[in-house]
Amino acid sequence: MIITKRFTFDAAHYLTAYRGKCEALHGHTFTLEVSVIGTPDDEGMVIDFTLLKSIVRETVIDRLDHTCLNDLFDFSPTSENLLYHMAEILSPLLKTNRYHLHTLSLWETPQNKASLHVS
Numbered sequence: 140m141i142i143t144k145r146f147t148f149d150a151a152h153y154l155t156a157y158r159g160k161c162e163a164l165h166g167h168t169f170t171l172e173v174s175v176i177g178t179p180d181d182e183g184m185v186i187d188f189t190l191l192k193s194i195v196r197e198t199v200i201d202r203l204d205h206t207c208l209n210d211l212f213d214f215s216p217t218s219e220n221l222l223y224h225m226a227e228i229l230s231p232l233l234k235t236n237r238y239h240l241h242t243l244s245l246w247e248t249p250q251n252k253a254s255l256h257v258s
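Going from the sequence shown to the numbering used here is simple: count from 1 and add 139.
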């Protein structure tokens, strides 16, 4: 079974080694979707949504919200690179004998999404 939680955060960035309007500083209201796959426990839950929310908020969302992403990372903060970074953080925290991180999706706009299948 797959459990999914959505989060939003606001951040600015600019793309390095890129030619076009996105090489200038600009901002997005990002939407992050975190999916965990696993087997329900005796109560019928794969993971408590409250626990999932707490882990993602404390380790990812609160660190990125209202920042300039270029100031935080040594890499160009494309959606793809951000997903790799988020997966490195979240994979060990969302792994038990019953469940693990499955997929991360990041929207820069309602029309533009990148997804990373982790497992």
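From the three backbone atoms N, C-alpha and C, an ideal C-beta is built for every residue, glycine too.
Are the CB atoms of residue j and residue i within a distance shorter than 7 angstroms?
| i | j | result |
| --- | --- | --- |
| Ser218 | Glu247 | yes |
| Met140 | Val199 | no |
| Leu255 | Leu171 | no |
| Leu243 | Val173 | yes |
| His152 | Asn220 | no |
| Arg253 | Leu222 | Sequence inspection shows Ala at residue 253; the Arg mentioned does not correspond to that position. Yes, the Cβ-Cβ distance between Ala253 and Leu222 is below 7 angstroms. |
Spatial neighbours of residue i within its chain, please: CB distance less than 6 angstroms, with the 5 preceding and 5 following residues excluded, ordered by chain position.
| i | result |
| --- | --- |
| His205 | Asp149 |
| Thr178 | Arg237 |
Per DSSP, what kind of secondary structure is residue i in: helix, strand or coil?
| i | result |
| --- | --- |
| Ser93 | The displayed coordinates of the chain run from 140 to 258. Any statement about residue 93 would go beyond what the structure contains. |
| Glu182 | coil |
| Leu245 | strand |
| Thr298 | What the structure shows of the chain is the stretch from 140 to 258, and residue 298 is not part of that stretch, so it cannot be assessed. |
| Thr189 | helix |
| Thr198 | helix |
Report the partner residues of residue i according to the DSSP bridge assignment.
| i | result |
| --- | --- |
| Asp149 | Thr168 |
| Leu240 | Val175 |
Apart from the five residues on each side of it in sequence, which residues of its chain come closer than 8 angstroms, Cβ to Cβ, to residue i?
| i | result |
| --- | --- |
| Lys234 | Leu240 |
| Ile228 | Thr198 and Val199 |
Got a sec? Which residues, its chain only, sit under 7 angstroms from residue i by beta carbon, not counting five neighbours each side?
| i | result |
| --- | --- |
| Phe169 | Thr147, Phe148, Ala150, Leu245, Trp246 and Glu247 |
| Val257 | Ala226, Ser230, Leu240, His241, Thr242 and Leu243 |
Q) Okay, do the region 149 to 169 and the region 179 to 191 touch, 3+ Cβ pairs below 8 angstroms being the bar? A) no
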